[in-house]
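Following: one structure in structure tokens, then a few remarks.
Numbering (this note's numbering), first residue to last: 19 to 531.
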């Protein structure tokens, strides 16, 4: 009864609003922040439309929830009333799973990474999320998203998600160029020279304090985004999966994977890297590097050189960093593993988005997010406060803490990439960062994609993360000298028996379609 009375009252108010508008002549200009429609034009009467209310859940990669500085500007530009539900990235999977189990996911649900996306595929197949593929052509900006990356996020050939774009191959080396110059070392041209640089950084007193207190490589407890997978690609290991004996096989069944483990075992045995790398967090690895005690930071993103340099020179003012990625393998060839073009996706739960009309309004919000004005706001912040524009590029202000506090939380949710959303490229002044941007383009030229990225395996969706832990544990045990090659191969057989053979079968069936 209350709902019915409210609806009648709302209808009367809306009618009165129309009458008053007509009486005023109806010739005033639309409000500057009126929401554009799906076609990109200012909607008729948009100035009188109530803001669209949207709830958004996403991981937070900073220590504190950001204030509403960016959100308020975003609401003005998109005629929305937004509720952001930030949860710490470290425990985001738990929150995601519990919210899903209790049917409390909001209208807009960001996942955390590709792994959580894979874990959510069963629910997607079960019809728990809206398919959005058929609607994208109605939105001029969303329709600019790269088809090859959208294809990598499809589930059984259908599109349910928008992606947060990332360069295909950002990984490489960030290293102490001042140490290398002092020891007359060039950037390593191949894996042998990489080993020798790590050895020299450990044994030849590169910091000149006459104390043996430096190491070559600092690594962390992450096989993919730490040093291992990047070095593994230089050895020629396939990216996730590769062809062998006429069918797809997982990377850890290839001899180059063993060669990579041998490389790291030799580094660790020689004392040329942190001994407890399997238990070292990213935060601790970064601290070790920026304290001036390590010379090589491998993997991750070469674009991290800005933040690493900022913290390093606080401790070692004379330090100089550079980037490098063209490291040849034993066969003399170059290779770089590539991501599928995204590092996260956003889904739209049917339990929160009630009908097609509401879905289209939410997609219209994301269409506006992909305009240069909005994407710059979310990625760079407010011009004149968080950044300035120089030579047509964005230059962050010197107040890095302000940017971290007010912008970072929103930055990680921008849909697409600069080629599709038109946001500014960075204005770089650090030579090593300028070099890194050049290397990103070179990396793609020798990039190796994961052939299973667009494929589905029901068993991998169900057991993939659990089974991967068998290989992860075995890889660390091998590099620590706790098992030998026979012991590692035994664990590979264990992986196969517990579901791996089924994964191989399913991926190959999908690959041959």
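Glycine residues also receive a C-beta, built at the ideal position from the N, C-alpha and C atoms.
- Annotation for residue 281: the continuous alpha helix (DSSP H) segment containing it runs 273-287.
- DSSP assignment within the stretch 400-484 yields the following whole alpha helix (DSSP H) runs of 4 residues or more, N-terminal first: 418-424, 426-429, 436-439 and 449-463.
- Distance from the CA atom of residue 71 to the CA atom of residue 100, rounded to whole angstroms, is 6 Å.
- Setting aside the 5 residues that flank it on each side, residue 250 is surrounded in the same chain by 269, 274, 275, 278 and 355, each with a C-beta closer than 8 Å to its C-beta; the list follows chain order.
- Selection 430, 190 and 156 evaluated against residue 456 yields 190 as nearest (Cα-Cα).
- Rounded to whole angstroms, residue 459 and residue 390 show a C-alpha spacing of 23 Å.
- Under DSSP, the beta-bridge partners assigned to residue 267 are 260.
- Taking 9 Å as the cut-off, the beta carbon of residue 395 is found closer than this to the beta carbon of residue 88.
- Within the stretch 68-152, complete beta strand (DSSP E) segments of at least 3 residues are found at 70-78, 98-106 and 126-128, given in chain order.
- Looking only at 257, 194, 228 and 407, the smallest Cα-Cα distance to residue 449 is reached by 194.
- When the five nearest sequence neighbours on each side are left out, the beta carbons in the same chain lying within less than 7 Å of the beta carbon of residue 258 are those of 269, 468 and 470, in order along the chain.
- For residue 170, the uninterrupted alpha helix (DSSP H) segment begins and ends at 165-170.
- In the three-state DSSP reduction, residue 358 falls in the coil class, being neither helix nor strand.
- The alpha-carbon of residue 465 is positioned some 44 Å away from that of residue 69.
- If you ignore the 5 residues before and after residue 397, its C-beta comes within less than 7 Å of the C-beta of 429, 432 and 441, all in its own chain and listed in chain order.
- With at least 16 other beta carbons inside 10 angstroms of its own, residue 399 counts as buried.
- In this structure, DSSP gives residue 344 a state outside helix and strand, which the three-state scheme calls coil.
- By the neighbour-count criterion, in which a residue is buried when 16 or more other Cβ atoms sit within 10 angstroms of its Cβ, residue 516 is exposed.
- Under the Cβ criterion (8 Å, minimum of three pairs), the stretch 123-142 counts as touching the stretch 368-375.
- Beta-bridge partners of residue 208 (DSSP): 346.
- Here residue 377 has 148, 150, 153, 366 and 371 as same chain residues with Cβ atoms under 8 Å from its own Cβ, once five neighbours each way along the sequence are excluded.
- Around the C-beta of residue 435, 16 or more other C-beta atoms lie within 10 Å, and the residue is accordingly described as buried.
- Each residue's CA atom was taken as its position, placing residue 375 and residue 179 some 17 Å apart.
- Straight-line measurement puts the Cα of residue 128 at about 4 Å from the Cα of residue 364.
- When DSSP reads this structure, residue 365 sits in a beta bridge with 127.
- With contacts defined as CB atoms closer than 9 Å, residue 253 and residue 314 fail to qualify as a contacting pair.
- In the three-state scheme derived from DSSP, where H, G and I count as helix and E and B as strand, residue 312 is classed as strand.
- Annotation for residue 289: 220 and 233 place their beta carbon closer than 8 Å to its own, counting only its chain and skipping 5 residues before and after.
- Listed in chain order, the non-local C-beta contacts of residue 334 below 7 Å within the same chain comprise 310, local neighbours out to five positions each way being set aside.
- Each of 103, 410 and 416 was checked against the Cα of residue 404, and the nearest Cα belongs to 416.
- A check of alpha carbon separations from residue 143 across 477, 381, 174 and 167 identifies 174 as the nearest.
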